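A.B. asks:
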Amino acid sequence: MRVFEYIRVDSVDAAVGMVGSDPGAQYLAGGTTQIDLMLKDGVIEASRLVDITRLPLRGITRQGDSVVVGALTTMEELAAHLLVRERLPFIRDALLAGASPQLRNMATIGGNLLQRTRCRYFRDPAVPACNKRLPGTGCAAISGVARMHAILGASDHCIALHASDLCVPLTALDALVRTQGTGGERSVPLTEFFMLPSDRPDVENVLTHGELITAVEIPLLPASSRSTYLKVRDRSSYEFALTSAAVSLVLDHGRISQPRIALGGVGTVPWRARGAEQVLTGGTPSRHLFREAAEASIINPFTVPGTAFKVELAKRTIVRALEEAST
Amino acid sequence: MTTVEPTTKGSGVALTASPRVNLTMRVNDHRVELNVATYQTLVRVLREELELTGTKIGCDQGACGACTVLLDGRRVLSCLTLAAQCDGREVTTIEGLGSGNSLHLLQKAFIERDALQCGYCTPGQIMSAVALISEGRAGTDADIREFMSGNICRCGAYPNIVAAIRDVARPAGDSR
Numbered sequence: 002m003r004v005f006e007y008i009r010v011d012s013v014d015a016a017v018g019m020v021g022s023d024p025g026a027q028y029l030a031g032g033t034t035q036i037d038l039m040l041k042d043g044v045i046e047a048s049r050l051v052d053i054t055r056l057p058l059r060g061i062t063r064q065g066d067s068v069v070v071g072a073l074t075t076m077e078e079l080a081a082h083l084l085v086r087e088r089l090p091f092i093r094d095a096l097l098a099g100a101s102p103q104l105r106n107m108a109t110i111g112g113n114l115l116q117r118t119r120c121r122y123f124r125d126p127a128v129p130a131c132n133k134r135l136p137g138t139g140c141a142a143i144s145g146v147a148r149m150h151a152i153l154g155a156s157d158h159c160i161a162l163h164a165s166d167l168c169v170p171l172t173a174l175d176a177l178v179r180t181q182g183t184g185g186e187r188s189v190p191l192t193e194f195f196m197l198p199s200d201r202p203d204v205e206n207v208l209t210h211g212e213l214i215t216a217v218e219i220p221l222l223p224a225s226s227r228s229t230y231l232k233v234r235d236r237s238s239y240e241f242a243l244t245s246a247a248v249s250l251v252l253d254h255g256r257i258s259q260p261r262i263a264l265g266g267v268g269t270v271p272w273r274a275r276g277a278e279q280v281l282t283g284g285t286p287s288r289h290l291f292r293e294a295a296e297a298s299i300i301n302p303f304t305v306p307g308t309a310f311k312v313e314l315a316k317r318t319i320v321r322a323l324e325e326a327s328t
Numbered sequence: 003m004t005t006v007e008p009t010t011k012g013s014g015v016a017l018t019a020s021p022r023v024n025l026t027m028r029v030n031d032h033r034v035e036l037n038v039a040t041y042q043t044l045v046r047v048l049r050e051e052l053e054l055t056g057t058k059i060g061c062d063q064g065a066c067g068a069c070t071v072l073l074d075g076r077r078v079l080s081c082l083t084l085a086a087q088c089d090g091r092e093v094t095t096i097e098g099l100g101s102g103n104s105l106h107l108l109q110k111a112f113i114e115r116d117a118l119q120c121g122y123c124t125p126g127q128i129m130s131a132v133a134l135i136s137e138g139r140a141g142t143d144a145d146i147r148e149f150m151s152g153n154i155c156r157c158g159a160y161p162n163i164v165a166a167i168r169d170v171a172r173p174a175g176d177s178r
């Protein structure tokens, strides 16, 4: 581990200026990914950590038909909020299905989007081949033991999974990511925020150096909608997803409208299942229709022997989530 | 906040000393002032600087919960918290609950229910249980299991841990 400076700033402008002008500087918020990878695993380095935890980016406010969540709001705080309980129940379910209470008290919503993959080869500096950690060195996971890896959006270059639960319903809802950088502020749809690994697995999102997530804007579900977050995992609690599905829909005289579906545990990025949404729109709930939607969700999976089981498991997860949401 | 002290080694090459930070925090209702290396985690400072060795280092990687303490009343993992981040904050460790003949109800319940074997995870279990009860999440045994899942016990004392927490949270004793 390299030595590093620790600095606390008292304004967003100062934080952005400080990190934006120093290639060796990084933001520090909840630290649950960063301290781990920096101090314990030795996978990432920074010469300066700029602690943003006391900046006024914490809190949840309603703006029209959206809820705006400050980037430093913790997972526990968002899960506990009345508006989330009532109008975004699958967000609450996804939050409480992730990590542990201790980690959820530390981890922030902005940081949740930026959490690094759990791929064991990425997290072990003794492994020489990792295109995400050392571009151009190959991918040890493809020929090694793999299980908690992606089957969608994956390539010969990388099969590392985006492990967030929260990002699955956020992706289904078309949440927006608000940022501030040295060039000003912008708002990016979450569905365009993450980058597929392609041939540059080290580039994970559209943020430029020093660009800070300030808030996440989440559209509220229609009051009449039903939603489910279903997470399938090896242990009943405190475990990452093998597969998961976030589903919301409105039943209008027995017909499905406004279906929104996203998948976790399968993608190199949180995965929107627009094919399934097309199949479902206007349809009448039935196992047959749900299976058809599931088939339309998992197109051209990239599997290795350890992840092949996820193709069928993901489809069954979608079917069950749709059954739960529609009954 | 950060002091970087240049030092000169024998070679005459100026090196940068490990950066340090000053911090003031309240630990178990006592004010402490420290100067620590930026990379020091809260658990290391508690154990090695303040000699509060009740808080344990298990995985040292945020997975096991042995290092659980309360930071401003909320349970967190002290192995993934930089000490520098606790400046101005209030920390409660197992020593802050009780010791000797003056034990916290949960400490007594863990003894009465034999909720441990080796005891290494116990301080973290108890700190987490204190938070669990104040969060209002001990209503059923299933809730206790779910919201204690961040604390691993390799001896497998889970049934007795659940019983001890139930005794304190629901003295009527119904095991729902």
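Protein chains in written order, with my numbering: chain U, 2 to 328; chain W, 3 to 178.
From the three backbone atoms N, C-alpha and C, an ideal C-beta is built for every residue, glycine too.
Remember, it's a predicted structure, so these values are computed and weren't measured experimentally.
Look up S67(U) in the DSSP assignment and give the residues it is bridged to.
C.D. replies: Q64(U), P220(U)
A.B. asks: Residues bridged to G268(U) by DSSP?
C.D. replies: L153(U)
A.B. asks: Return the Cβ separation of F1(U) and R134(U) in integer angstroms, given the expectation that the two are a contact with Cβ distance under 8 Å.
C.D. replies: Here chain U has residues from 2 to 328 only, and residue 1(U) is not among them.
A.B. asks: Which chain W residues are close to I53(U), counting only those with a beta carbon under 7 Å from its beta carbon?
C.D. replies: Around I53(U), no beta-carbon contact reaches into chain W at under 7 Å, the shortest distance being about 11 Å.
A.B. asks: Helix, strand or coil, according to DSSP, for K311(U) in the structure here?
C.D. replies: In this structure, DSSP gives K311(U) a helical state, which the three-state scheme calls helix.
A.B. asks: With 7 Å as the limit, tell me which residues of the segment 62-89 of chain W have their beta carbon closer than that to any beta carbon of chain U; keep them in chain order.
C.D. replies: D62, Q63, G64, G67, T70, R76, R77, V78, L79, L82, T83, L84, A86, Q87
A.B. asks: Among E77(U), C120(U), G185(U), which one has its Cα closest to the Cα of L38(U)?
C.D. replies: Nearest of E77(U), C120(U), G185(U) to L38(U), Cα basis: C120(U).
A.B. asks: Quick one: Cα of L82(W) to Cα of P286(U), how far?
C.D. replies: 46 Å
A.B. asks: Report whether the distance from the Cβ of T26(W) to the nearest heavy atom of the ligand MN is below 6 Å.
C.D. replies: This structure lacks the ligand MN; in fact it carries no ligand of any kind.
A.B. asks: Alpha carbon to alpha carbon, how far is A117(W) from Y160(W)? Give it in angstroms, no decimals.
C.D. replies: 7 Å
A.B. asks: Taking a Cβ distance cut-off of 9 Å, strictly less, list which residues of the segment 138-166 of chain W are near chain U, in chain order.
C.D. replies: R139, R147, E148, F149, M150, S151, G152, N153, I154
A.B. asks: Along the segment 36-56 of chain W, what residues have a CB closer than 9 Å to any CB found in chain U?
C.D. replies: A39, T40, Y41, T43
A.B. asks: If you follow the beta strand (DSSP E) that D145(W) is in, where does it begin and where does it stop?
C.D. replies: No beta strand (DSSP E) holds D145(W); the alpha helix (DSSP H) holding it covers 143-149.
A.B. asks: Do you know offhand how far V45(W)'s Cα is from L52(W)'s?
C.D. replies: 10 Å
A.B. asks: How close, in whole Å, do the beta carbons of S156(U) and F303(U) come, if the pair is a contact with beta carbons under 8 Å?
C.D. replies: Confirmed, about 7 Å.
A.B. asks: Return the CA-CA distance between G268(U) and T229(U), expressed in angstroms with no decimal places.
C.D. replies: 19 Å
A.B. asks: Any contact between the segment 188-198 of chain U and the segment 38-49 of chain U? By contact I mean 3 or more CB pairs, one from each, below 8 Å.
C.D. replies: no
A.B. asks: Count the other CB atoms, across all protein chains shown, that sit within 10 Å of the CB of S226(U); report buried if there are 16 or more and exposed otherwise.
C.D. replies: Buried, since its Cβ has 16 or more Cβ neighbours within 10 Å.
A.B. asks: Residues of the segment 27-59 of chain U with a CB closer than 7 Å to any CB of chain W: list them in chain order, please.
C.D. replies: From the segment 27-59 of chain U, only G32, T33, I36, D37, L40, K41, D52, T54 have a Cβ closer than 7 Å to chain W.
A.B. asks: Classify R273(U) as buried or exposed, calling it buried when 16 or more other Cβ atoms lie within 10 Å of its own Cβ.
C.D. replies: Per the 10 Å Cβ criterion, buried.
A.B. asks: Express the C-alpha separation of N301(U) and D23(U) in angstroms, rounding to a whole number.
C.D. replies: Their Cα atoms are separated by approximately 41 Å.
A.B. asks: Leaving out five residues on either side along the sequence, give the residues of the same chain with a beta carbon under 7 Å from the beta carbon of R148(U).
C.D. replies: If we look at R148(U) and ignore the five residues flanking it on each side, its Cβ neighbours are G307, T308.
A.B. asks: Would the segment 53-60 of chain U count as touching the segment 88-101 of chain U if we require 3 or more Cβ pairs under 8 Å?
C.D. replies: Of all C-beta pairs linking the segment 53-60 of chain U to the segment 88-101 of chain U, fewer than three are shorter than 8 Å, placing the two stretches out of contact.
A.B. asks: What is the DSSP secondary structure of G185(U), reduced to helix, strand or coil?
C.D. replies: strand
A.B. asks: Leaving out five residues before and five after A322(U) in sequence, what residues of the same chain have Cβ atoms less than 7 Å from its Cβ?
C.D. replies: T229, L231, A246, V248
A.B. asks: Buried or exposed: L83(U), going by 16 or more other Cβ atoms within 10 Å of its Cβ?
C.D. replies: exposed
A.B. asks: Give the DSSP-derived three-state secondary structure of Q63(W) in the structure shown.
C.D. replies: coil
A.B. asks: So which of L25(W), V29(W), P173(W) has the shortest CA-CA distance to G98(W)?
C.D. replies: V29(W)
A.B. asks: Determine, using beta-carbon pairs with one atom in the segment 279-297 of chain U and one in the segment 125-142 of chain U, whether at least three such pairs fall under 8 Å.
C.D. replies: They do not touch, by the three-pair rule.
A.B. asks: Work out the CA separation of A173(U) and G60(U) for me, nearest whole Å.
C.D. replies: 22 Å
A.B. asks: Going by beta carbon distance, what residues of the same chain come within less than 6 Å of I92(U), once the five residues before and after it are set aside?
C.D. replies: Only V85, P170 meet the Cβ criterion.
A.B. asks: Tell me N206(U)'s beta-bridge partners as DSSP assigns them.
C.D. replies: F195(U)
A.B. asks: Suppose the cutoff is 7 Å on Cβ atoms and the five residues either side in sequence are ignored; what does the same chain contact list for A294(U) look like?
C.D. replies: A277, V280, L281, I319, L323
A.B. asks: Check whether chain W comes within 7 Å of N113(U), counting only Cβ atoms and requiring the distance to be less than that.
C.D. replies: no
A.B. asks: Run through DSSP, which three-state label would D52(U) get?
C.D. replies: Of the three classes helix, strand and coil, the one that applies to D52(U) here is strand, per DSSP.
A.B. asks: By the 10 Å Cβ neighbour count, where 16 or more other Cβ atoms means buried, how is Q64(U) classified, buried or exposed?
C.D. replies: By the neighbour-count rule (16 or more Cβ atoms within 10 Å), Q64(U) is not buried but exposed.
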